[in-house]
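Enquirer: The structure is given below, and queries will be raised subsequently.
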Amino acid sequence: MIRRRLTALLLVLGAVLTVPGTAGQAHAAGYRYWSFWQSGGAAWAYATQGPATARPADGTVDGYRFSVSADSQDSAKPRTAPSFSELCADTPAKPGTKRVGVVVDFGTGADAPSGERPPSTPASGCAVVPSDATSAEALAAVAKPLRYNSDALLCAISGYPRTGCGEQVSSGDPAPAGSGTSSPSAGRSAGASEGDASDEGPSVGLFAGVAAVLALGGAAFWQSRRRG
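Right, here's the structure in full:
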């Protein structure tokens, strides 16, 4: 009799441990936004500052890519190589100014908001700006109009997209470009916050269920000892 009770309790414990959605929840949340990249050579690197505060040096290249992604780990890079020599080949240096290559990648139709298409005309170019200018000023020199939200976060380049700013993508929209699990970093090119910690690890209910089963199992064991 005692053995049958212990077996039943173990089966209950196994059921608690395998309830869908209670252990290791880490579902991804995608966001549609402009990511910001920088390069001083041949490869893109995700920017550590937003365009409003970054101050690129003469001879560097800033890149922007519109896509659906979760964070810097899976964010899509601009598909055009960061070639300063090509972007600014016909732009001579001038005292008191700097030349910043700007690459704007409007992304794919799959990442476009509902009812919109990425512009077919490139907005890339060579910005000639004051030596202390920010990346945002360099971008404005080659790709107006720009749109920002109330938190001064970049929402649109050359008028694209017409609406929205770092909005979360619903289940019916395109999936994130990679497999990240948190939203884009705030203060760069999107306004979404980091992923909710409640989505990570076992839930409180799981531990409570396990504790209850173990307690019942212990009581049954001691009862069998006393009767023995």
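Under our numbering, the residues of the sequence shown are numbered 1056 to 1283, in order.
Virtual Cβ for every residue (Gly too), placed ideally from N, Cα, C.
Remember, predicted model here, so these are calculated numbers, not experimental data.
Near Ala1211, what residues of its chain come up, given a Cβ to Cβ distance below 6 Å and the 5 sequence neighbours on each side ignored?
Expert: Arg1202, listed in sequence order.
Enquirer: Bridge partners for Leu1124 per DSSP, in chain order?
Expert: Correcting the residue identity first, residue 1124 is Ser in this sequence and not Leu. For Ser1124, which the question treats as bridged, DSSP gives the partners Tyr1086.
Enquirer: Return the CA-CA distance between Arg1087 and Arg1217, expressed in angstroms with no decimal places.
Expert: 13 Å
Enquirer: Within a Cβ cutoff of 6 Å, which residues of the same chain sit near Cys1143, ignoring the five residues on either side of it in sequence?
Expert: Arg1154, Gly1156, Cys1181
Enquirer: Span of the beta strand (DSSP E) holding Leu1209?
Expert: 1209-1212
Enquirer: Using only alpha-carbon positions, find the residue among Phe1121, Ala1188, Pro1168 that is nearest to Trp1092.
Expert: Phe1121
Enquirer: Since Pro1174 and Ser1127 are thought to touch, with beta carbons under 8 Å apart, how far apart are those beta carbons, to the nearest angstrom?
Expert: No, Pro1174 and Ser1127 are not in contact; Cβ-Cβ is about 25 Å, not under 8 Å.
Enquirer: Compare the Cα-Cα distances from Gly1219 to each of Lys1199, Glu1171, Pro1185 and report the closest residue.
Expert: Glu1171
Enquirer: Taking Val1197 as part of the beta strand (DSSP E), name the residues at either end of that continuous run.
Expert: First-last for Val1197: 1190-1197, but that is the alpha helix (DSSP H), not the beta strand (DSSP E).
Enquirer: Beta carbon of Thr1146, beta carbon of Val1183: below 8 Å?
Expert: yes
Enquirer: So, with DSSP's three-state summary, where would you put Ala1232?
Expert: Residue placement at Ala1232 is poorly supported in this model, since its pLDDT is 46, which falls under 50; the coordinates still yield a value, given next. Ala1232: coil per DSSP, three-state reduction.
Enquirer: If you check the beta carbons only, do Leu1111 and Ala1193 fall under 8 Å apart?
Expert: The residue asked about is misnamed: residue 1111 is Pro in this sequence, not Leu. It is a contact, given that the beta carbons lie within the stated cut-off.
Enquirer: Residues in its own chain within less than 7 Å of Asp1187 by CB, not counting five upstream and five downstream?
Expert: Arg1110
Enquirer: Going by the CB atoms, is the gap between Thr1115 and Ser1094 shorter than 8 Å?
Expert: yes
Enquirer: What's the C-alpha gap between Gly1162 and Pro1150?
Expert: 35 Å
Enquirer: Please return the same chain residues whose Cβ sits closer than 7 Å to the Cβ of Thr1189, not counting the five positions on each side in sequence.
Expert: Pro1106, Ala1107, Thr1108, Ala1109, Arg1110
Enquirer: Classify Lys1132: buried if its beta carbon has 16 or more other beta carbons within 10 angstroms, exposed otherwise.
Expert: Lys1132 should be labelled buried.
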